[in-house]
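Reviewing the structure listed below.
Residue numbers (my numbering), protein chains in the order written: chain F, 10 to 133; chain A, 11 to 373.
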């Protein structure tokens with residue numbers, strides 16, 4: 010091991026430590042329900058609770074309308090006007106951290122991690 | 011002299027020392043931030059027919075726990091004073107000022123707790139401000155519909171007219187000096203359903219503040235009151251339920267130190283003859299108010315927000331916006347025909363989601 014390696018290791022360790030601390034610090038609270046967050050061209054476009062009942066949602070993407078379907082606590086893209094339809098082929102997502110991205114439409118659907126719901130509460 | 015990347019050994023050692031020192035300082039700073047991170051304490055209780063959850067943030071968990079306990083004690087006290095449903099003869103019935111006032115309708119004045127008196131005075135003020143769209147003497151009509159207990163049903167028109175004859179705010183006599191309340195006519199009855207939750211929430215906030223809490227969120231069955239900013243020092247993000255779809259959010263509010271209360275036709279209702287009969291009764295007609303599907307009121311204080319969400323629902327969308335503006339509160343309305351209306355003062359704190367604009371219902 011050369012001194013340059015030690016240099017590198019020390020640097021990486023410090024960066025890792027800092028990252029770990031930042032992650033712990035950036036804690037958030039949540040309502041506990043699993044939600045999908047829909048973003049279109051970087052803007053928040055929808056927050057959908059993943060319920061058991063089948064429901065569809067229509068959004069307007071860059072190339073045209075897209076249709077999302079929620080059922081059995083999962084969500085998928087059922088229809089999109091993009092040429093490659095990679096997003097539709099992706100199928101269902103259900104676990105925190107999973108996401109579907111439709112590049113031509115600039116839409117992303119991501120499932121929020123447990124305990125980091127996008128909302129603090131809901132007035133109803 | 012062995013060198014790495016052209017640096018002499020002495021200089022390189024010094025660089026490593028500096029780097030390690032910087033890393034160490036970063037770690038200490040990180041640890042400091044970690045220890046300063048606010049602690050969360052949350053607790054839930056079933057109160058006033060709903061789940062009330064209180065979340066507080068601070069440094070000392072034990073202090074937070076005590077603060078929340080004090081807040082719940084205060085809320086429960088208000089709940090017990092204003093509960094109108096416990097059966098006659100029970101201890102709950104005797105501790106309820108509302109039951110005592112109702113029992114003495116047409117008989118005599120009843121001395122009440124200061125908080126009950128305050129609720130009644132505030133209810134009177136809102137009755138006058140909304141031209142009678144809000145009335146705590148609506149009890150006989152509510153009983154007739156059976157919301158809030160027995161099996162709800164559509165009453166006969168004649169029965170509604172009879173019950174309406176007993177709804178009259180002018181015949182609720184409040185005596186500030188004696189701190190008494192008197193329903194002049196036998197059969198009259200008070201319903202503090204749209205007052206007590208907001209009032210109790212505000213009492214809870216006061217209890218939290220007294221215990222030194224600076225960040226809190228109280229969720230009383232969807233009536234939201236936030237104190238300070240969220241744990242991450244941002245405004246709290248409060249979703250507004252989409253009245254047409256379960257589990258869907260219509261818009262997001264960014265709030266600090268304020269209350270957001272919603273009245274909707276989806277909360278307590280039954281269906282009969284293809285019509286949805288919900289529990290927000292217009293005290294002037296005796297029937298569920300039409301025109302709005304949900305009304306959200308954002309105000310500094312949960313008390314007025316609670317009363318006004320009901321009163322403005324009854325008034326219908328146009329008058330609701332007008333009255334909201336006049337009273338200096340923000341209003342967000344979903345009309346019966348699905349339009350989203352809001353007062354201009356809220357637009358910088360309101361993020362309307364696309365899902366609200368492009369709906370695609372398939373049941």
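All C-beta atoms, glycine included, are put in the ideal place defined by N, C-alpha and C. A quick note: this is a predicted structure, and the numbers were derived from the prediction, not measured.
I need the straight-line Cα distance from residue 83/A to residue 215/A, nearest angstrom please.
12 angstroms
For residue 101/F, report the span of its alpha helix (DSSP H) as first-last.
Looking at the DSSP string, residue 101/F is not in any alpha helix (DSSP H), and its letter there is neither H nor E.
So, does the CB of residue 20/F fall closer than 8 angstroms to a CB anywhere in chain A?
yes
Taking 8 angstroms as the CB-CB cut-off, is residue 88/F touching chain A?
no
Which runs of the beta strand (DSSP E) spanning at least 3 residues fall entirely within the stretch 265 to 319 of chain A, listed in chain order?
269 to 274, 279 to 282, 285 to 288 and 302 to 309
Just list the beta strand (DSSP E) runs in the stretch 28 to 109 of chain A, keeping only unbroken ones of 3 residues or longer that don't cross its boundaries, in chain order.
49 to 57 and 60 to 68
On a Cα-Cα basis, can you pick out the residue from 253/A, 268/A, 116/A and 169/A that is closest to residue 197/A?
116/A
Inter-residue spacing [alpha-carbon to alpha-carbon] between residue 354/A and residue 262/A:
15 angstroms
Looking at C-alpha atoms only, which residue of 43/A, 113/A, 169/A and 250/A is the closest neighbour of residue 98/A?
113/A
Contacts around residue 44/F, its chain only, beta-carbon distance under 7 angstroms, and the 5 residues preceding and following it disregarded
56, 57, 58, 59, 121, 126 and 127
On the DSSP bridge assignment, give the partners of residue 221/A in chain order.
DSSP lists no partner for residue 221/A.
Does the beta-carbon of residue 253/A have 16 or more other beta-carbons within 10 angstroms, so that it is buried, or is it exposed?
buried
State the start and end residues of the unbroken alpha helix (DSSP H) segment that holds residue 168/A.
167 to 174
Would you mind working out which of 269/A, 300/A and 81/A sits nearest residue 54/A, comparing C-alpha positions?
81/A
Short of 7 angstroms in beta carbon distance, which residues of its chain neighbour residue 71/A, apart from the five on each side in sequence? Order them along the chain.
49 and 51
Min CB distance residue 363/A to chain F below 8 angstroms:
yes
Between 149/A, 228/A, 106/A and 167/A, which has its C-alpha nearest residue 193/A's C-alpha?
149/A
Look at residue 315/A and residue 208/A and say whether their C-beta atoms are less than 8 angstroms apart.
yes
Measure the alpha-carbon distance for residue 140/A versus residue 325/A and round it to whole angstroms.
8 angstroms
Which residues in chain F sit within 8 angstroms of residue 272/A, going by Cβ to Cβ distance?
132 and 133
Take every Cβ of the stretch 153 to 171 of chain A, pair it with every Cβ of the stretch 325 to 334 of chain A, and state whether three or more of those distances are shorter than 8 angstroms.
no
Under a Cβ-count criterion, where at least 16 other Cβ atoms within 10 Å of its own Cβ denotes burial, should residue 118/A be classed as buried or exposed?
exposed
Residue nearest to residue 248/A in terms of C-alpha spacing, selected from 189/A, 77/A and 359/A:
359/A
Taking 7 angstroms as the limit between beta carbons, can you name the residues of its chain near residue 29/F, skipping five residues before and five after?
none
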